[in-house]
Amino acid sequence: MVKYYIFFFSHRFLIKKLIKEGKTYKEVQKIIGCSAKMISNALKWEQKTEKRGRKRKTTPRMDRRIAKLAKTQPMMGSKRIKQDLQLTVSTVTIRRRLTEVNLPARSPRKVPLLRKRHVQKRLQFAKEHIDWPEKKWHNILWTDESKIVLFGSKGHRQYVRRPANTEFKPQYSLKTIKHGGASIMIWGCFSYYGVGPIHRIQGIMDQFQYIRILEEVMLPYAEEEMPLRWTFQQDNDPKHTSKRAKAWFQMNKIQLMEWPAQSPDLNPIENLWADIKSAVHEAKPRNAEELWNTVQLSWAAIPVERCQKLVDSMHHRCEAVIRNRGFATKY
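In UniProt numbering, the protein residues as written are 1 to 331.
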């Protein structure tokens, strides 16, 4: 029997090759000197994949139940899944099964709370403006306020690569200070033609200070730099939509863009605020004055090409809102 298997395994590929070339069983028997049964076994033989490791602890049915529950309740943790399905496997095994079906745990993106009326308004805005020609977007003056913190983040999620159990070593930790340390509030504007003036807000921003900024900072710039027919964009903050502010816009004959509430992803100036915060993080100012100087320098350094690219993205932003049925987008 041992000799048979040695002979079989040493000649099985040759037997297959001869049969494939059109040889008959008798011809192969004469060439190799084997039996018809060995030829039949050689043709049926297939190399089986080697299985290693311990036996899988979950059945295919359990895997499907785990995946189904995770899809229906995406915020549910592995511990809760184990309890709800009354599983005997560990939470680590549950997380492995979810990763196998491309459902790993991820940090959820923080987005504004959108109620039904917000979603409808966003959809309406996107549908009304998706076919706007690019030149029409060039006539918009984009504005907004932002808070810049001394010890803030880069403006996006930060990661660190470190060995295990070293999370508290100084070189691997992110330093913070209570309430972020010193901070400043700023107002800024920009258009397709570049950044406009940036203004530091003193104290609490109310409708009176807002109108002063419009009168003394925004309007002189717009009259000098914007096209003859231009439109002013602002969000729906109460100080922006107050009776005094509305009266000021009417008195100065400034056309306002109808803006959907809770829509920072539609306003390209948000990307410039992220640029500023990243520059502040890199510069590491030590106090509020140095922070303001850093903001001014980084704002002035924003190239015109950056502004043009952001304004030209409005078509894609509207597309993304429609594609996501009015909900928040990657922008």
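Even glycine gets a Cβ: it sits at the ideal position worked out from N, Cα and C. Computed from a predicted model, the values in this text were never measured in an experiment.
Buried versus exposed, by CB contacts within 10 Å (16 or more), residue i
i, result
"F190", "buried"
"M75", "exposed"
"K154", "Its pLDDT being 49, under 50, K154 is placed unreliably by the model, and the measurement read from it follows with that caveat. It counts as exposed."
"L113", "exposed"
"Q73", "exposed"
"T294", "buried"
"V101", "exposed"
"R122", "buried"
"Q262", "buried"
"G188", "buried"
"T143", "buried"
"F13", "exposed"
"N267", "buried"
"I269", "buried"
"V280", "buried"
"I81", "buried"
"I15", "buried"
"I31", "exposed"
"A245", "buried"
Closest Cα partner of residue i within the set the options
i, options, result
"V119", "N324, H138 and A279", "N324"
"K253", "H240, D237 and W230", "W230"
"K37", "I31, K30, I184 and Y25", "Y25"
"Q207", "K243, A222 and M218", "K243"
"C318", "D131, F13 and K44", "D131"
"D237", "Y210, I269, L141 and P170", "Y210"
"I302", "H315, A274, H316 and M314", "A274"
"S10", "K23, W45, G22 and K71", "W45"
"K20", "L43, L69, K147 and F232", "L43"
"N41", "M62, Y331 and F7", "F7"
"R286", "H316, R56 and S183", "S183"
"E305", "F232, A245 and H138", "H138"
"H199", "P163, A247 and K147", "K147"
Distance, residue j Cα to residue i Cα
i, j, result
"P108", "N271", "20 Å"
"L85", "L98", "14 Å"
"A126", "D265", "12 Å"
"K79", "K116", "33 Å"
"A67", "D312", "41 Å"
"Q83", "I213", "57 Å"
"F327", "A320", "9 Å"
"P220", "M205", "21 Å"
"I322", "W259", "16 Å"
"E282", "P133", "37 Å"
"Q250", "T329", "33 Å"
"Y192", "E215", "22 Å"
"E224", "N165", "59 Å"
"L291", "W299", "12 Å"
"I186", "T91", "47 Å"
"E289", "E145", "18 Å"
"I201", "H240", "15 Å"
"L256", "A222", "13 Å"
"L228", "K136", "12 Å"
"K277", "Q296", "12 Å"
"Q308", "V195", "10 Å"
"residue 332", "V28", "Any question about residue 332 goes unanswered here, given that the chain covers just 1 to 331."
"I94", "R106", "15 Å"
"I140", "P197", "15 Å"
"Q234", "R64", "49 Å"
"M226", "M218", "11 Å"
"E128", "P104", "38 Å"
"A70", "G77", "8 Å"
"M62", "R56", "11 Å"
"R52", "V149", "54 Å"
"V89", "P170", "37 Å"
"R54", "P163", "28 Å"
The ligand FAD heavy atom lying under 7 Å from the CB of residue i
i, result
"G22", "Annotation note on the ligand FAD: not contained in the displayed structure, which lists no ligands."
Ignoring anything shorter than 4 residues, give me the alpha helix (DSSP H) runs that lie fully in the UniProt domain "Tc1-like transposase DDE" (140-291), in order along the chain. For the UniProt domain "Tc1-like transposase DDE" (140-291), whole alpha helix (DSSP H) runs of length 4 or above, ordered along the chain, are 207-213, 219-225, 243-251 and 269-283.
Ordered list of alpha helix (DSSP H) runs contained in the UniProt domain "Transposase Tc1-like" (63-131), each at least 4 residues: 78-85, 91-100 and 116-129
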